[in-house]
Amino acid sequence: MPGTVLTITSGKGGVGKTTATANIAAALASRGEKVVCLDADIGLRNLDLVLGLENRIVYDLVDVVEGRCRLRQAMIRDKRLPNLFLIPAAQTRDKTAVSPTDMVQLCNELRQDYDWVLIDSPAGIERGFRNAIAPADQVLVVTNPEVSAVRDADRIIGLIEAEEKGPARLLLNRLNPALVREGNMLDAEDVLELLAIDLLGVVPEDESVVVSANRGTPVALDANSRAGLAFRNIARRLLGEDVPLMPLEDSGGLLQRLGRLFGKGD
Amino acid sequence: MEKPVSSSRPKVAIKGIRDGLLVTVDDAGAWEDAQEALLEAIGSQAEFFQGARVALDVGTRPLKAAQMGKLRDLLGDFGITLWAVVSESPKTQETARSLGMATRLSRPAPAPRRPAPSPAGEEALLVHRTLRSGMRIAFPGHVVVIGNVHPGAEIVAGGNIVVWGRLRGVAHAGADGNESAVVCALDLSPTQLRIAGRVATAPPRRGRPAPEMASVKDGQVVAEPWDGK
Numbered sequence: 001m002p003g004t005v006l007t008i009t010s011g012k013g014g015v016g017k018t019t020a021t022a023n024i025a026a027a028l029a030s031r032g033e034k035v036v037c038l039d040a041d042i043g044l045r046n047l048d049l050v051l052g053l054e055n056r057i058v059y060d061l062v063d064v065v066e067g068r069c070r071l072r073q074a075m076i077r078d079k080r081l082p083n084l085f086l087i088p089a090a091q092t093r094d095k096t097a098v099s100p101t102d103m104v105q106l107c108n109e110l111r112q113d114y115d116w117v118l119i120d121s122p123a124g125i126e127r128g129f130r131n132a133i134a135p136a137d138q139v140l141v142v143t144n145p146e147v148s149a150v151r152d153a154d155r156i157i158g159l160i161e162a163e164e165k166g167p168a169r170l171l172l173n174r175l176n177p178a179l180v181r182e183g184n185m186l187d188a189e190d191v192l193e194l195l196a197i198d199l200l201g202v203v204p205e206d207e208s209v210v211v212s213a214n215r216g217t218p219v220a221l222d223a224n225s226r227a228g229l230a231f232r233n234i235a236r237r238l239l240g241e242d243v244p245l246m247p248l249e250d251s252g253g254l255l256q257r258l259g260r261l262f263g264k265g266d
Numbered sequence: 267m268e269k270p271v272s273s274s275r276p277k278v279a280i281k282g283i284r285d286g287l288l289v290t291v292d293d294a295g296a297w298e299d300a301q302e303a304l305l306e307a308i309g310s311q312a313e314f315f316q317g318a319r320v321a322l323d324v325g326t327r328p329l330k331a332a333q334m335g336k337l338r339d340l341l342g343d344f345g346i347t348l349w350a351v352v353s354e355s356p357k358t359q360e361t362a363r364s365l366g367m368a369t370r371l372s373r374p375a376p377a378p379r380r381p382a383p384s385p386a387g388e389e390a391l392l393v394h395r396t397l398r399s400g401m402r403i404a405f406p407g408h409v410v411v412i413g414n415v416h417p418g419a420e421i422v423a424g425g426n427i428v429v430w431g432r433l434r435g436v437a438h439a440g441a442d443g444n445e446s447a448v449v450c451a452l453d454l455s456p457t458q459l460r461i462a463g464r465v466a467t468a469p470p471r472r473g474r475p476a477p478e479m480a481s482v483k484d485g486q487v488v489a490e491p492w493d494g495k
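If you read the protein sequences in the order shown, they are chains V and L. As numbered in my numbering, residues 1 to 266 make up the first sequence, in order. As numbered in my numbering, residues 267 to 495 make up the second sequence, in order.
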């Protein structure tokens, strides 16, 4: 059975597309799926860093498209997960080095041998976005609980519909439970009401994401991280499992919960 | 004799217009053949087309977004910007608009005529979908939306605007100066509301949303609960 091409996109930059791509890929691979990540952010590549594979890049996406190497040669195998691969973006070129047609052809080839092809889309709504969306079977829109990110997500969802790639699903990233509780941040319900699409998962704000990204070790592989658990749950949902949304904070002891009930705060 | 082979290959004509080049594809044959003929015509003069702004006239062909998007990408590979698709097919026009392309070659002068009211009703555009940020609907008559209008979306109508849903974007009714135009919505919470030349913003909502109608009264845009009278 040919694999699934999943494009991860957002409109706005800095909401966590690359982190989400790396972690969903790692979580899928650790469940035995054959996964290849494709960094479509030509000229601003990052996915190799987050996966800790930068120093092993020899060939990149543009080399493949322009015929300077075979597809296999540009694929970097992850050092921890033997069935996880990365095709890095070129750093010295720009988005016009690749066309949507190239991306479709490339993904059709990858689809034959892999269960999942995850495409890390660049920010924006121009050529880079269209490159990333052209081969997609499924689209995941990443947003943060901030009005500007949600507005851009709405725009991108409309464009995905216009390209007949919908319906997209939503990943709400960096939700801060404490701020939501105080009423100072949009919660998942607010965002879903604004965007009116299906939710694939909510990832809580978690310092361990930053630490692990800097180390090049996806947080999804960290058994103790709550964000890691959220990404593992998202991977399970992609595989068709019915996994309930996890509670956003450690429920703490009974006393603490009672304290909260009586408005004492903690 | 066997099934006649369709020898009538779609014909492609190219001419210069004020806004770049106009490429016309006639109605003969399947779209795939037309696309092939078009790409062939362009490929044979690739240098001439490099960097060109092209408008495409597809006659009566109904094109889906996937087909039009693909063609735009294929033309993009030649360094061509497809900025407009002209067609008599409403489906194709809608597709072009949804992909952010123009459907007319030049801006028509704003129609000063008010469609005369007739017992048969007046001309309206029915939009049965959610309007998301960045989408714009402009129509000289009335506009009826079944669905929500998100912040960042915009509706401009010569006549009235009716939203069967939540209106949170920008709505401009009576855009060519008709102060008797109204805007109705099940939940009237626009970012900004304009009727003719008057501009208003909605106050923060208190309580449960209820259907409302906005109109111009004594030179002010006012919203009143819809009571069906």
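Backbone N, C-alpha and C define an ideal beta-carbon position, used for all residues, glycine too.
Next item on the list: Look up P82(V) in the DSSP assignment and say whether it is helix, strand or coil.
Entry: Residue mapping note: residue 82(V) aligns to position 82 of the first sequence, counting from 1. Three-state result, P82(V): coil.
Item checked: Classification of D120(V) by the beta-carbon crowding that lies within 10 angstroms, buried from 16 upward -> Along the first sequence, read from residue 1 onward, the residue named residue 120(V) stands at position 120. Looking at its Cβ environment, which holds 16 or more other Cβ atoms inside 10 Å, D120(V) is buried.
Item checked: Chain-ordered residues of the segment 180-199 of chain V with a beta carbon less than 9 Å from chain L -> Against chain L - using a Cβ distance shorter than 9 Å - the residues of the segment 180-199 of chain V are L194, L195 and A196.
Note to self: Tell me which residues share the same chain as A25(V) and place their Cβ nearer than 7 Å to its Cβ, disregarding the 5 neighbours each side in the sequence.
What the structure shows: On the first sequence, position 25 is the one that residue 25(V) refers to. Contacts found: V35, C37, L84 and L118.
Item checked: the segment 337-362 of chain L: positions lying closer than 7 Å to chain V by Cβ -> Listed in sequence order: D339, L340, G342 and D343.
Item checked: Extent of the continuous beta strand (DSSP E) run through K539(L) -> Given a span of 267 to 495 for chain L in the structure shown, any question on residue 539(L) remains unanswerable.
Check: Could one say the Cβ of T101(V) lies closer than 9 Å to chain L's Cβ atoms, at least one of them?
Finding: Here residue 101(V) corresponds to residue number 101 of the first sequence, with the count starting at 1. At least one CB of chain L lies nearer than 9 Å to the CB of T101(V).
Notebook entry, point to check: In three-state DSSP terms, what is K12(V)?
Noted result: Sequence index remark: in the first sequence, residue 12(V) carries index 12 (1-based). Here K12(V) carries a coil assignment [DSSP, helix/strand/coil].
Next item on the list: Return no unless some Cβ of chain V is closer than 9 Å to the Cβ of R471(L).
Entry: Start at 1 with the first residue of the second sequence, and residue 471(L) comes out as number 205. Not an interface residue.
Notebook entry, point to check: Just the Cα atoms here: how many angstroms apart are N444(L) and E164(V)?
Noted result: In the second sequence, the residue the question calls residue 444(L) occupies position 178. In the first sequence, the residue the question calls residue 164(V) occupies position 164. Each residue's alpha carbon lies about 37 Å from the other.
Check: Should E207(V) be flagged as near chain L, meaning a C-beta pair shorter than 9 Å?
Finding: In the first sequence, residue 207(V) corresponds to position 207, counting from 1. Put simply, the CB of E207(V) is far from chain L, with every gap to its CB atoms at 9 Å or more.
Check: Buried or exposed: P135(V), going by 16 or more other Cβ atoms within 10 Å of its Cβ?
Finding: Locating residue 135(V) in the first sequence gives position 135, counting from the first residue. Under this definition P135(V) is a buried residue.
Item checked: Integer Cβ distance of L365(L) from A153(V), believed to fall under 8 Å -> Sequence index remark: in the second sequence, residue 365(L) carries index 99 (1-based). Sequence index remark: in the first sequence, residue 153(V) carries index 153 (1-based). At roughly 19 Å, the Cβ-Cβ gap does not stay under 8 Å, so L365(L) and A153(V) are not in contact.
Checklist line | Three-state secondary structure assigned by DSSP to R379(L) | finding: By 1-based counting over the second sequence, the position of residue 379(L) is 113. Only weak support exists for where R379(L) lies, its pLDDT of 49 falling under 50; the value from the coordinates is given anyway. In this structure, R379(L) counts as coil in the three-state DSSP scheme.
Next item on the list: Using alpha carbons as the reference points, say which of A20(V), I197(V) and E207(V) lies closest to N414(L).
Entry: If you number the second sequence from 1, residue 414(L) lands on position 148. Checked all of A20(V), I197(V) and E207(V); the closest Cα to N414(L) is I197(V).
Checklist line | DSSP bridge partner residues for L6(V) (one or two, in chain order) | finding: Residue 6(V) sits at position 6 when you count from the first residue of the first sequence. In DSSP, L6(V) forms a bridge with L118(V) and Q138(V).
Item checked: Simplified DSSP state of L258(V), which is helix, strand or coil -> In the first sequence, the residue the question calls residue 258(V) occupies position 258. Reliability of the predicted coordinates at L258(V) is poor, the pLDDT of 49 falling under 50, and the value obtained from them is presented with this limitation in mind. In the structure shown, L258(V) sits in a helix (DSSP, three-state: H, G or I).
Check: DSSP on W492(L), reduced to helix/strand/coil?
Finding: Locating residue 492(L) in the second sequence gives position 226, counting from the first residue. If DSSP states are grouped into helix, strand and coil, W492(L) belongs with coil.
Next item on the list: Would you check if the segment 165-176 of chain V and the segment 47-62 of chain V touch, i.e. whether three or more CB-CB distances between them fall below 8 Å?
Entry: The segment 47-62 of chain V is not in contact with the segment 165-176 of chain V.
Next item on the list: Assign T7(V) to buried or exposed, taking buried as 16 or more other Cβ atoms, counted over all protein chains shown, within 10 Å of its Cβ.
Entry: The residue you call residue 7(V) lines up with position 7 of the first sequence. That one is buried.
Check: Who are the near neighbours of V436(L) in its chain, counting only those whose CB is closer than 8 Å to its CB and skipping five residues on each side?
Finding: As a working mapping, residue 436(L) is identified with position 170 in the second sequence. Counting only residues of its own chain and dropping the five nearest sequence neighbours on each side, V436(L) has a CB closer than 8 Å to the CB of A419, E420, I421, P456, T457, Q458, L459 and R460.
Notebook entry, point to check: Just the Cα atoms here: how many angstroms apart are R70(V) and Q91(V)?
Noted result: Walking along the first sequence from the start, residue 70(V) turns up at place 70. Walking along the first sequence from the start, residue 91(V) turns up at place 91. Approximately 19 Å, taken between the alpha carbons.
Notebook entry, point to check: Which of helix, strand or coil does DSSP assign to R77(V)?
Noted result: Taking the first sequence and counting its residues from 1, one reaches residue 77(V) at position 77. Strand, per DSSP.
Margin query: When you compare the segment 196-216 of chain V with the segment 42-53 of chain V, are there three or more beta-carbon pairs, one atom per stretch, that lie closer than 8 Å?
Written below: Because the criterion of three Cβ pairs below 8 Å is met, the segment 196-216 of chain V and the segment 42-53 of chain V touch.
Next item on the list: Tell me whether T280(V) sits in a helix, a strand or coil according to DSSP, three-state version.
Entry: The structure shown does not extend to residue 280(V), since chain V is modelled only from 1 to 266, so the question has no answer here.
Note to self: I'd like the list of long-range same chain contacts for R319(L), defined as Cβ closer than 6 Å, with 5 residues on each side in sequence excluded.
What the structure shows: Position 53 of the second sequence holds residue 319(L). Cβ-Cβ distances below 6 Å link R319(L) to G286, T347 and W349 in the same chain, with the five nearest sequence neighbours on each side left out; the list follows chain order.
Next item on the list: Could you tell me which of G124(V), E109(V), T21(V) and D78(V) sits nearest to K95(V), measuring between CA atoms?
Entry: Locating residue 95(V) in the first sequence gives position 95, where the first residue counts as 1. Closest option to K95(V), Cα to Cα, is G124(V).
Notebook entry, point to check: What's the call for A223(V), buried or exposed, on a 16-neighbour Cβ count within 10 Å?
Noted result: Counting from 1 along the first sequence, the entry for residue 223(V) is found at position 223. By the 16-neighbour rule on beta-carbons within 10 angstroms, A223(V) is exposed.
Next item on the list: Consider the Cβ of K281(L): report whether some Cβ of chain V lies at a distance smaller than 9 Å.
Entry: Taking the first residue of the second sequence as 1, we reach residue 281(L) at position 15. Closer than 9 Å: no.
Margin query: Considering just the uninterrupted stretch of the alpha helix (DSSP H) at N233(V), what are its terminal residues?
Written below: As a position in the first sequence, residue 233(V) is number 233, starting the count at 1. Element bounds for N233(V): R226 to L238.
Check: How do the segment 183-197 of chain V and the segment 224-243 of chain V stand: do at least 3 beta-carbon pairs fall below 8 Å, yes or no?
Finding: No, the segment 183-197 of chain V does not touch the segment 224-243 of chain V.
Next item on the list: Confirm, please, whether the CB-CB distance from L86(V) to D137(V) is below 9 Å.
Entry: Position 137 of the first sequence, counted from the start, is the residue given in the question as residue 137(V). Position 86 of the first sequence, counted from the start, is the residue given in the question as residue 86(V). Cβ distance not < 9 Å, so D137(V) and L86(V) don't count as in contact.
Notebook entry, point to check: Any contact of the segment 391-399 of chain L with the segment 141-159 of chain V, i.e. 3+ C-beta pairs under 8 Å?
Noted result: Taking a contact to require three or more Cβ pairs closer than 8 Å, the segment 391-399 of chain L and the segment 141-159 of chain V qualify as touching.
Notebook entry, point to check: Grouping DSSP H, G and I as helix and E and B as strand, with all else coil, what is R68(V)?
Noted result: Position 68 of the first sequence, counted from the start, is the residue given in the question as residue 68(V). Here R68(V) sits in coil by DSSP.
Checklist line | For A303(L) and V278(L), believed in contact at Cβ under 8 Å, the rounded distance | finding: Here residue 278(L) refers to the residue found at position 12 when the second sequence is read from its first residue. Here residue 303(L) refers to the residue found at position 37 when the second sequence is read from its first residue. Confirmed, about 5 Å.
Next item on the list: For V411(L), collect the residues of the same chain with a Cβ closer than 6 Å to its Cβ; drop the 5 residues on either side in sequence, then sort them by chain order.
Entry: Counted from its first residue, the second sequence places residue 411(L) at position 145. Answer for V411(L): V393 and V429, listed in chain order.
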